[in-house]
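This note's numbering puts the sequence shown at residues 18 to 689.
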Amino acid sequence: LAEPQAGPRPASAPVTDKQTHEWPYWGGDEQSTRYSSVDQIDAGNFGKLEIMWRWKAANYGPEPDLIYRATPLYVNGKLYTVAGYRRTVVCIEPSTGETLWMFREKDNPRWAASTRKNYGKGVAFARVEGRPVIYLLTPGYYLWALDADTGQPLPYFGNNGVVDLALGLGDYAVDPDRGVLDWGDITSSSAALVVNGVVVVGNSHDRGYYPENKENIPGVVRGYDAKTGMLKWKFNPVPRPGQPFNETWEKNSWKFTGNVSAWAPLSADSKLGLVYVPNDTPTNDYYGGSRPGQNIYGTSLLALDVQTGQLRWFFQFVHHDIWNYDIPDAPHVMDITVDGKKVPAVVQATKQGWLYSFNRETGQPIWPIEERPVKASDVPGEKTWPTQPFVTKPAPFEQQGMTENDLIDFTPALRDEAAKIAKQVRMGGLFSPASLLKASDGTKGTFLMPGSNGGANIPGGAAADPETGWIYVASQHGYAEVLSLVPAREKYPNGKPWPGWGSEEGGITSEYVSTSNDIMGPRGGEGNPPLPMVKPPYGRIVAYDMNKGDKMWEIPNGETPAFIKNHPALKGVNIGNTGQNSHANLLVTKTLLMYGEGRGGDRYFRAVDKKTGKEIAKVRLPAQTNTAPMTFMHNGHQYIVAAIASGDTPAELVALALPDARPPKVFNGPTN
């Protein structure tokens, strides 16, 4: 598949739901607010919602996917989404769930070798010279342009409808079947974003604690012409010699360090002509001894000119990231009023438990962000950066750091048991560095709080209300993550074959890698299951008025899990509502804040009052939600569609609506 040639520039209009009540982007709009102005479903009728149809995503195999993360689009009077490991595109009739067409890329080894084949979040949409077009990023790292009415590839885009994204990354040989896997790992998980006639394409890698190598391919961000597929620009997140900040990759680590990928969904301001790109941690996630320096643009937010790819501004959230604090949530573009002045803002929710707020045109923080000293690492070869950025406002939405006061205290006995266990682990503030499993002080690692899967994360993240200037954040507290490092050769004495760079014998090249330890929470008696090490809530939703920068309310995500509620050591103890150890999946409309409890939570879809957080009603689902839901109006009825899956329910889309949306039954004559 050849790199596409130059062609005429397309006309492509931004899509909005302001009049149509569509859901034309993964995040609802180009601003990734996850907001809709629809108001048919409200506090008075939410409890009457019924399931209109269930669409079986698991039918698109090759096996049921219990991590179904696709959020459909509603445009052109139809639903569009992806399903299965091959990331098949489907077009669905919105009121019945009938499949209208499907498109699946021809079989090739690249999708099967992809490390993110079960992470497809959806598709992108644009009207190009009046024609509705669906854009698909596949696990094998191809970009397709499909006619939205028929599902057929558009012949004038790329090479008969497709662009091979393995081309143009750098000086890597590309095999038609294997792509660039012999030199590293690069694929996709989020949908592209179409802005002002440009398809902006991010990328994804296997998580850095899996390859355990110091080398990989950098996550180059690129812009393609929406009509022709012509490459317009690319931005390398690991600067080359002669480019600004190349010196922040010391010891020539720019030559081999990879990742820094834009794997989360992107956002944009089409009027400013800017696309906002959240970036990943450099390889390896937990050990940076091979890449000393500040490592710009790792774990940063980039504002790129959508026509040229030129960097307008950036902010690095973590210098020399060794905590896997990559940015998993889309930036949220909204206008707010601060001290009587209208401010064009972009707000980023992160794993660290902060909302970072910027003027989206200039990159200036709306409230001060201070560089403060942090603890240095004692892991051999590791050179942590001496300071990190600390947000002064708004207040954090999640616990940051770990002290004895944070340990579980449901009963005095459990508190004492937890304190004894905690003596095996180092405690400290946010940005406490990882430590060795066999440290000189006898500890087995360091508490990481929030953990790398905690805080705001991709299954939930945040949702913004552009009419009020409020933002709602779903956060997972977790049960306390302990990060331990060991020498790579100690963990893999015989080497670890990996289809990537590696050493000559096929082993790993990072000096230290993360490893498991035997730290478990208190049990309150022999034979009992372990309880969390920390106090609840284990999952929460926090509301902020961004006009003031103030936290307005906080509620647990769902209810206390059964294993805690029924634990033998807690019989007769009133522990209150702990919330679920999961990321709530948020949706905000003109009338309500709605959420599913997320993977690991319970099978409820809930509505709360946006101003108070008070629960209004809940409806039962066939399985737990897996990712952020969406809503739209179709033929006069408001629908809510969510991706669900659990151990006994393979992946589905489920559509909720009020009873009068149900199509009338059709009489087909006598049955005998």
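Glycine included, C-beta positions come from ideal geometry on N, C-alpha and C.
Query - Burial state of ASN574, where buried means 16 or more other Cβ atoms lie within 10 Å - result: Buried is the call here.
Query raised in the report: Rounded to the nearest angstrom, how far is the Cβ of GLN369 from that of PHE375, given a contact under 8 Å?
Result: In fact, because the Cβ distance is near 16 Å, the residues do not count as touching under 8 Å.
Requested in this report: Pull up the distance between the alpha-carbon of ILE353 and that of GLY45, whole angstroms please.
Outcome: ILE353 and GLY45: Cα-Cα distance of roughly 19 Å.
**Report entry** Burial state of LYS95, where buried means 16 or more other Cβ atoms lie within 10 Å
**Finding:** Looking at its Cβ environment, which holds 16 or more other Cβ atoms inside 10 Å, LYS95 is buried.
Requested in this report: Kindly indicate the opening and closing residues of the alpha helix (DSSP H) around ALA430.
Outcome: If you look at ALA430, you'll find it in the alpha helix (DSSP H) that goes 429-439.
Query raised in the report: Quick one: Cα of PRO256 to Cα of GLU484, how far?
Result: If you draw a straight line from the Cα of PRO256 to the Cα of GLU484, it is about 39 Å long.
Query - Of the residues THR113, GLU232 and PRO554, the one placed nearest PRO690, counting alpha carbons only - result: An answer regarding residue 690 cannot be provided, because it is not within the stretch 18 to 689 covered by the chain.
Query raised in the report: Among the residues of its own chain, which have a CB less than 8 Å from the CB of THR428, if the five just before and after it don't count?
Result: Excluding sequence positions up to five before and after THR428, its CB lies within less than 8 Å of the CB of GLY541, ALA586, LEU587 and VAL590, all in the same chain and listed in chain order.
**Report entry** Reference MET537; option with closest CA among ASP322, ALA435 and ASP677
**Finding:** Nearest C-alpha to MET537: ALA435.
Query - Bridge partners - LEU670, DSSP secondary structure assignment - result: In DSSP, LEU670 forms a bridge with TRP72 and ALA660.
**Report entry** Check whether ASN167 and VAL140 have beta carbons under 9 Å apart
**Finding:** Going by the sequence as given, residue 167 is Thr instead of Asn. In this structure, VAL140 does not lie closer than 9 Å to THR167 by Cβ.
Query raised in the report: Would ILE84 be called buried (16 or more neighbouring beta carbons within 10 Å of its own) or exposed?
Result: Exposed is the call here.
Query raised in the report: So what does DSSP say about SER520, is it helix, strand or coil?
Result: Reliability fails at SER520, whose pLDDT of 48 lies under 50, so the model's placement of it is uncertain and no value is given.
Query - Simplified DSSP state of PHE120, which is helix, strand or coil - result: The DSSP-derived three-state label of PHE120 is strand.
Query raised in the report: How about VAL191 and SER284: do their beta carbons lie closer than 9 Å?
Result: For VAL191 and SER284, no; Cβs fall outside 9 Å.
Report task. Could you have a look at TYR293 and say whether DSSP puts it in helix, strand or coil? Result -> Reduced to three states, the DSSP call for TYR293 is strand.
Query raised in the report: Would GLY201 pass as a contact of VAL237 if the rule is Cβ separation under 9 Å?
Result: Not in contact: GLY201 and VAL237 (Cβ atoms no closer than 9 Å).
Query - Option nearest ASP567 by Cα separation, candidates GLY446, GLY471 and THR409 - result: With distances taken between Cα atoms, ASP567 lies closest to THR409.
Report task. Could you tell me which residues DSSP pairs with SER317 in its beta bridges? Result -> Under the DSSP definition of a beta bridge, SER317 partners with GLN333.
Requested in this report: Measure from the alpha carbon of GLY232 to the alpha carbon of each residue in SER53, TYR241 and THR300, then state which is nearest.
Outcome: First, the amino acid is wrong: residue 232 is Glu here, not Gly. The shortest C-alpha separation from GLU232 is found at THR300.
Report task. With a cut-off of 8 Å on the beta carbons, I'd call GLY459 and MET419 a contact; round off their distance for me. Result -> With a Cβ gap of about 18 Å, GLY459 and MET419 do not count as contacting.
**Report entry** Burial state of ASP188, where buried means 16 or more other Cβ atoms lie within 10 Å
**Finding:** Burial call: exposed.
Requested in this report: Report yes if the CB atom of ASN594 is closer than 9 Å to the CB atom of GLU576, and no otherwise.
Outcome: Cβ distance < 9 Å, so ASN594 and GLU576 count as in contact.
Report task. From the DSSP output, read off the bridge partner residues of ILE690. Result -> Residue numbering for the chain in the displayed model covers 18 to 689; residue 690 lies beyond these limits and cannot be assessed.
Requested in this report: Pick helix, strand or coil for PRO282, following the three-state DSSP scheme.
Outcome: If DSSP states are grouped into helix, strand and coil, PRO282 belongs with coil.
Query raised in the report: Is there contact between the segment 211-219 and the segment 122-130, where contact requires at least three CB pairs shorter than 8 Å?
Result: Touching, no, given that fewer than three Cβ pairs across the two stretches are closer than 8 Å.
Query - Which listed residue (ALA60, ILE68 and PRO41) has its alpha carbon closest to that of ALA659 - result: Taking only the C-alpha atoms, the option nearest ALA659 is ILE68.
Query - Nearest-angstrom Cα separation, counted from GLN416 out to ASP433 - result: Between ASP433 and GLN416, the C-alpha separation is close to 21 Å.
Report task. Pair every Cβ in the segment 595-610 with every Cβ in the segment 666-674, then say whether three or more of these pairs are closer than 8 Å. Result -> Result no; under three Cβ-Cβ pairs closer than 8 Å.
Query raised in the report: Is the beta carbon of PRO295 less than 9 Å from the beta carbon of HIS337?
Result: No, Cβ-Cβ distance for PRO295 and HIS337 is not below 9 Å.
Query raised in the report: Using DSSP with H/G/I as helix, E/B as strand and the rest coil, what is TRP487?
Result: DSSP places TRP487 in strand when its eight states are reduced to three.
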